[in-house]
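Structure first, then comments.
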Amino acid sequence: MKNYILLLTSLFFAACEQTRSLEFYEQNPQIARERSLECREKSIISQDCVNAYKVGFPKDENMSK
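Numbers 56 to 120, taken from the numbering used here, label the letters of the sequence shown in order.
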């Protein structure tokens with residue numbers, strides 16, 4: 056029973072993580088890069104990670120042509 060409560064508590068706190076906007080990461084590119092690397096390392100897929108990745112690792116426009 057204790058393990059069940061611990062699991063639910065950890066899931067609750069994991070789901071409450073703040074999602075930062077693209078604008079925040081554009082103003083803080085170093086934080087965006089660090090968050091992107093953290094998301095990659097921990098295999099996290101969230102809107103926050105997507106926003107950080109877009110700014111932390113911008114797509115090279117020349118490669119798409």
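Ideal Cβ placement from N, Cα and C applies to all residues, glycine included.
The model shown is predicted, which means the values in this text are computed figures rather than measured ones.
### Query
If we count the other Cβ atoms within 10 Å of its Cβ and call it buried at 16 or more, is Arg90 buried or exposed?
Looking at its Cβ environment, which holds 16 or more other Cβ atoms inside 10 Å, Arg90 is buried.
#### Entry: Euclidean distance between Cα positions of Asn117 and Leu92
Note on Asn117: pLDDT 49, under 50, position unreliable in the model; the coordinate value appears next. Here the alpha carbons of Leu92 and Asn117 stand approximately 24 Å from one another.
### Query
Cα separation between Phe79 and Val110?
Rounded to whole angstroms, the separation of the alpha carbons of Val110 and Phe79 is 10 Å.
### Query
Under a three-way DSSP split, which group does Arg75 fall into?
Residue state for Arg75 is assigned as coil, using DSSP reduced to three classes.
### Query
Helix, strand or coil: how does DSSP classify Asn117 here?
Its pLDDT being 49, under 50, Asn117 is placed unreliably by the model, and the measurement read from it follows with that caveat. In the structure shown, Asn117 sits in a helix (DSSP, three-state: H, G or I).
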